[in-house]
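Protein chains in written order, with the working numbering: chain A, 1 to 134; chain B, 1001 to 1134; chain C, 2001 to 2134; chain D, 3001 to 3134.
For each residue, glycine too, the CB sits at the ideal point set by N, CA and C.
Owing to the predicted nature of the structure, the values given are computational and were not obtained by experimental measurement.
For reference, the structure is listed below as structure tokens.
Number of protein chains: 4
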Amino acid sequence: MPFTTQRKVRFQHCDPAGIVFYPRYYEMLNSVVEDYFAEVVGHDFNRLHVTSRTGVPTARIETDFHAPSRLGETLDFELTIRDVGRTSLAIRTAVHCGGEPRLTCDATLVFVDLDSGRPLPWPEAMRCHFAIES
Amino acid sequence: MPFTTQRKVRFQHCDPAGIVFYPRYYEMLNSVVEDYFAEVVGHDFNRLHVTSRTGVPTARIETDFHAPSRLGETLDFELTIRDVGRTSLAIRTAVHCGGEPRLTCDATLVFVDLDSGRPLPWPEAMRCHFAIES
Amino acid sequence: MPFTTQRKVRFQHCDPAGIVFYPRYYEMLNSVVEDYFAEVVGHDFNRLHVTSRTGVPTARIETDFHAPSRLGETLDFELTIRDVGRTSLAIRTAVHCGGEPRLTCDATLVFVDLDSGRPLPWPEAMRCHFAIES
Amino acid sequence: MPFTTQRKVRFQHCDPAGIVFYPRYYEMLNSVVEDYFAEVVGHDFNRLHVTSRTGVPTARIETDFHAPSRLGETLDFELTIRDVGRTSLAIRTAVHCGGEPRLTCDATLVFVDLDSGRPLPWPEAMRCHFAIES
């Protein structure tokens, strides 16, 4: 089952053309990954970054923007796991508004040690939560 | 010849891991496109958006992050035109620091009428500045 | 009764020192004003800005930061109306975390016509919702 | 002599009303403080935060917004030191565009140990650069 959540398009997300400025989508997308790790994987970003000194930087990201989003709209985010590597995770996030596709984003995250910058194998306690949707 | 410019990694770009938070790269990348339009194409974003009620939203974007960037570093941006369509523009921006690759971003922009949201053919006055690098 | 809402401290809000970068508080504070206008005053920011071509820019703002906020914390926002002028509104927003004060912000908003930039008297339909707390 | 620098109003700073969204001014103001510390005080923010594990969080800030700024404008920032305390620094930043006042911001920064969160006395090497303008 995909992980779903919502975000409201706020004034701070919109540009002089009155639509979401695309870098702001990445703040929303990152916050959805944050929620996924906290609610599904059971590791919030504070524990991940501050306590464990690990991180999940984005190695690759690819986004298709299908239609603009406007101030006040509520966006539906649906995150699915596409692939789990030894140290990486491929996720797809599809964003809709009232059923209309707005953007689709494929990202590859890597689990790293913040101090060395080196990739780490996913701990079993995290890996067991990465359920691949087909 | 590619369009080149620099950006400094500032406090506002960095996350708790001490490296650039990737959505901030897109603010930098967008500002480089802004400079390219103002300095090379001869249409600044104010004229484009406010006076002409046109825009250049991003339809597709694909980024590889090669290595993290840190507070205080100066990044070199190199923008090249990859393809010019009737209403679109494919650009590549390579970002380095001291010769080390940090990220490569391929984006497709579309020229649109802000009021209708419809794609517009590039005006000849703009098109003649899009020199394709091979 | 004050207007209350919550915001979670997310990765995007935090700086290399691991605490909220203060400009991000203003994005949160602005989003709380947005919610207040939508939920209490009955005018969402889309209707205000796009439909009516009016706005509520900030003329003055004064903030005391009492203690830093950290990744993953949930902040309680409490907005009270301090004074209602013919064209202005003085609001105070107090932010706490688990009862501990984090910041107090006094702001003066002005109701303006976006096209002329001129202040406008508050419409009676909005004014009647501005209940002053004492 | 005040410390002066410039910032261009970019697309990323502007809101659906076509003017600078006020939280973005604080990113600019912070970057001016960053330049002041690097160029005048001789301590860049990387050295300050990462190497020395110190920081200069804002304890109090007070801003008057005199007139809106628009996409494409170049803003002149003028930073003056108003007062130097044992552990604090009171600065004023006046922002103009073509001589027209846009905003005036008074801020109090505190020098802190990032690990304990405790205020620290300014090192003499830094303090000697804080020249008070009268």
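Checklist line | 6 Å CB neighbourhood of residue 1068 of chain B in its chain, flanking five on each side removed | finding: In the second sequence, counting from the first residue as 1, residue 1068 of chain B sits at position 68. Contacts found: 1019.
Notebook entry, point to check: Using a C-beta cutoff of 7 Å, does residue 1072 of chain B count as contacting chain C?
Noted result: As a working mapping, residue 1072 of chain B is identified with position 72 in the second sequence. By this cut-off, residue 1072 of chain B is not an interface position.
Notebook entry, point to check: Does the beta-carbon distance from residue 1077 of chain B to residue 1093 of chain B come in below 7 Å?
Noted result: Working through the second sequence from its first residue, we reach residue 1077 of chain B at position 77. Working through the second sequence from its first residue, we reach residue 1093 of chain B at position 93. The answer is yes: Cβ separation under 7 Å.
Next item on the list: Under 9 Å between beta-carbons, which chain E residues line up against residue 3096 of chain D? List them in chain order, please.
Entry: Looking at the structure shown, chain E is missing, and the protein chains on hand are A, B, C and D.
Notebook entry, point to check: What's the gap between the Cα of residue 2081 of chain C and the Cα of residue 2097 of chain C?
Noted result: Position 81 of the third sequence, counting from 1, holds the residue named residue 2081 of chain C. Position 97 of the third sequence, counting from 1, holds the residue named residue 2097 of chain C. Distance between the alpha carbons of residue 2081 of chain C and residue 2097 of chain C is about 21 Å.
Notebook entry, point to check: Hey, is residue 1012 of chain B's beta-carbon within less than 7 Å of any beta-carbon in chain D?
Noted result: Within the second sequence, the letter at position 12 stands for residue 1012 of chain B. Taking Cβ atoms only, chain D reaches closer than 7 Å to residue 1012 of chain B, which makes this a yes.
Note to self: Closest to residue 2072 of chain C by C-alpha separation, out of C:2033, C:2013, C:2132, C:2038, would be which residue?
What the structure shows: Numbered from its first residue, the third sequence carries residue 2072 of chain C at position 72. Looking at the Cα atoms, C:2013 is the closest of the given residues.
Notebook entry, point to check: Is any beta-carbon of chain B found at less than 7 Å from that of residue 2962 of chain D?
Noted result: Summary: the structure shown does not reach residue 2962 of chain D, with chain D confined to residues 3001 through 3134, and so no result is reported for it.
Check: residue 21 of chain A touches chain D at which residues, Cβ-Cβ below 8 Å?
Finding: Sequence index remark: in the first sequence, residue 21 of chain A carries index 21 (1-based). Those are 3011, 3012, listed as they occur along chain D.
Next item on the list: Anything in chain A within Cβ reach of residue 1026 of chain B, meaning under 7 Å, just list it in chain order.
Entry: As a first step, residue 1026 of chain B must be located in the second sequence, where it is residue number 26. Within 7 Å Cβ-Cβ: 22, 23, 26.
Notebook entry, point to check: Roughly how many angstroms separate the alpha carbons of residue 2040 of chain C and residue 2104 of chain C, rounded to a whole number?
Noted result: The residue you call residue 2040 of chain C lines up with position 40 of the third sequence. The residue you call residue 2104 of chain C lines up with position 104 of the third sequence. Looking at the two C-alpha atoms, the distance is approximately 21 Å.
Check: Can the beta-carbon of residue 3074 of chain D be found less than 7 Å from the beta-carbon of residue 3121 of chain D?
Finding: As a first step, residue 3074 of chain D is located in the fourth sequence; it is residue number 74 there, counting from the start. As a first step, residue 3121 of chain D is located in the fourth sequence; it is residue number 121 there, counting from the start. For residue 3074 of chain D and residue 3121 of chain D, no; Cβs fall outside 7 Å.
Check: Between the stretch 3016 to 3036 of chain D and the stretch 2021 to 2040 of chain C, do at least 3 Cβ pairs fall closer than 8 Å?
Finding: yes
Checklist line | Residue from D:3009, D:3017, D:3034, D:3011 with nearest C-alpha to residue 3003 of chain D | finding: Within the fourth sequence, residue 3003 of chain D is the residue found at index 3, counting from 1. Nearest of D:3009, D:3017, D:3034, D:3011 to residue 3003 of chain D, Cα basis: D:3034.
Margin query: Counting only beta-carbon separations shorter than 7 Å, does residue 3031 of chain D have a partner in chain B?
Written below: Walking along the fourth sequence from the start, residue 3031 of chain D turns up at place 31. Closer than 7 Å: yes.
Checklist line | residue 1033 of chain B: first and last residue of the uninterrupted alpha helix (DSSP H) it sits in | finding: Taking the first residue of the second sequence as 1, we reach residue 1033 of chain B at position 33. First-last of the alpha helix (DSSP H) with residue 1033 of chain B: 1022 to 1036.
Notebook entry, point to check: Hey, quick one: how far does the alpha helix (DSSP H) through residue 2127 of chain C stretch, first residue to last?
Noted result: Here residue 2127 of chain C is taken as the residue at index 127 of the third sequence, counted from 1. From DSSP, the alpha helix (DSSP H) with residue 2127 of chain C extends over 2124 to 2127.
Check: So who's on the other strand from residue 2094 of chain C, going by DSSP bridges?
Finding: Taking the third sequence and counting its residues from 1, the one referred to as residue 2094 of chain C is at position 94. Paired residues: C:2078, C:2104.
Notebook entry, point to check: Any residues in the stretch 3110 to 3122 of chain D with a beta carbon nearer than 8 Å to a beta carbon of chain C? Which ones, in chain order?
Noted result: 3114, 3117
Next item on the list: Find out if the Cβ-Cβ distance for the pair residue 11 of chain A, residue 1059 of chain B is shorter than 7 Å.
Entry: What you label residue 11 of chain A is simply residue 11 of the first sequence in a count that begins at 1. What you label residue 1059 of chain B is simply residue 59 of the second sequence in a count that begins at 1. Taking 7 Å as the Cβ cut-off, residue 11 of chain A and residue 1059 of chain B do not qualify as a contacting pair.
Next item on the list: Note the first and the last residue of the continuous beta strand (DSSP E) segment covering residue 2070 of chain C.
Entry: Counting from 1 along the third sequence, the entry for residue 2070 of chain C is found at position 70. Premise fails: residue 2070 of chain C is in no beta strand (DSSP E) and is neither H nor E.
Next item on the list: Would you mind telling me which residues of chain C sit closer than 9 Å to residue 50 of chain A, beta carbon to beta carbon, in chain order?
Entry: Here residue 50 of chain A corresponds to residue number 50 of the first sequence, with the count starting at 1. Ordered by position in chain C, the residues that pass the 9 Å Cβ test against residue 50 of chain A are 2018, 2070, 2071, 2072.
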